[in-house]
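Trainee: Mind having a look at this structure? Questions to follow.
In UniProt numbering, the protein residues as written are 1 to 290.
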C-alpha cells in the first residue's frame, strides 16, 4: 500500500495542450534532415533551478576520508561502500569535489546569487571526471541524502528540503545527462522539493532512498497528508501557489512547468513562452544526438 501510494512522485494525470505542435514538428524535421543542433553544454547552464540560491549555511558534516570510510556518529542512513563500487581514488575525488563544490556554492555569487550555477562553473573543468562519472555522482547524491535525512530527523524541514533538491538534481544529472535514460531533467520536481514542500512529499522522498528504518515512524505520521504541487503562474490564486499534486497538469511542449488550471497556464504563457521554445529545441537536439 505504501509503495503504491508513492508511485506518482514524478507523474502527472494529464497535460495542458499548447498550440506548439508546429514548432515541435519543424525542429524534429531539422534534426531528421541532419542539421547541426548543438546541445547546450550542461543542463545547469540554463534551467530555472540554477536561478535560485540554496542556503548559505550549507556545510557538509558527513565526509569521506581518503580510505573511503565514512565518518559518522550514528546511523549512516544509506551506506556508500556497500552500494557504490568506487576505488579509493574515486572516494578521494568525491571528498575533494564536495569540499570545492560547497565552498563555491557558499561564496557570494553576484547580484543574482546563482549558487548552484556558480558551484557548477567552478568545478566543471577541474572535476570533469567527477561530473562525467555516474558512480561518483551517485556517491555525491548519497552524501546529500544522508545530510537531509539527519536534518529531517532533527525537525529542520527547510534544511532537509534543500538537501533533497540537491540530491535529486544530481540523480537527474545521472539519469538524463550521463545515462541518457530520460530526455529532460524533472525541474518541476526539483523546484517542488526546494520551495518548502509538504511533509508527506519530503519524508516520502527520503524514505524511499535510504537503506535504514529511521524514517518509518515519521512517515506514518505524515502519510495521510495530501501531496502538494506548485503552480508556475506567479499570480495563481491558491495560497502559496500550491494545489493537490494530482490536480496539476504540465506543459505538453517542454514538460518543465506545472499549472493548477488552464486559466493559470494561459495567464503565464507570455512569460513561459520566452523559455519554452529553447527547452523544446534542446530536447530535440538531444534526441537527434542520442
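Each residue gets a CB set at the ideal place from its N, CA and C atoms; glycine is no exception.
1) Spatial neighbours of residue 222 within its chain, please: C-beta separation below 7 angstroms, excluding the five flanking residues on both sides.
2) Return helix, strand or coil for residue 155, following the three-state DSSP convention.
3) Residue 175 and residue 256 look like a contact to me (Cβ under 8 angstroms); what is the Cβ gap, rounded to whole Å?
4) For residue 225, I'd like the list of residues in its chain whose CB is within less than 8 angstroms of its CB, leaving aside the five on either flank, ordered along the chain.
5) Since I believe residue 235 is in contact with residue 188 (beta carbons under 8 angstroms), could you give me their beta-carbon distance rounded to a whole number of angstroms?
6) Excluding the 5 residues flanking residue 243 on each side, which residues of the same chain have their C-beta closer than 7 angstroms to its C-beta?
7) What is the C-beta distance between residue 143 and residue 86, in whole angstroms, given that I count them as a contact (C-beta under 8 angstroms)?
8) For the segment 109-191, list the alpha helix (DSSP H) runs that are entirely contained and at least 4 residues long, ordered along the chain.
9) Taking a contact to mean a Cβ-Cβ separation below 8 angstroms, would you say residue 215 touches residue 152 in this structure?
10) Please say whether residue 284 and residue 254 have beta carbons closer to each other than 8 angstroms?
11) For residue 137, count neighbouring Cβ atoms within 10 angstroms of its own Cβ and tell me buried if that reaches 16, exposed if not.
12) Determine which residues share a DSSP beta bridge with residue 210 and list them.
13) List the whole-angstrom C-beta distance separating residue 104 from residue 118, where the pair is believed to meet the contact cut-off of C-beta under 8 angstroms.
14) Quick check: the Cα distance between residue 180 and residue 208, rounded to an integer number of angstroms?
15) So is residue 160 buried or exposed if we call it buried at 16+ other beta carbons inside 10 Å?
Mentor: Looking at the coordinates:
1) 199, 200 and 203
2) coil
3) In fact, because the Cβ distance is near 15 angstroms, the residues do not count as touching under 8 angstroms.
4) 198, 199 and 200
5) Actually they are not in contact, since the Cβ atoms of residue 188 and residue 235 sit about 18 angstroms apart, beyond 8 angstroms.
6) 228, 229, 231 and 260
7) In fact, because the Cβ distance is near 12 angstroms, the residues do not count as touching under 8 angstroms.
8) 115-123, 128-131, 134-154 and 157-172
9) yes
10) no
11) buried
12) DSSP lists no partner for residue 210.
13) 6 angstroms
14) 23 angstroms
15) buried
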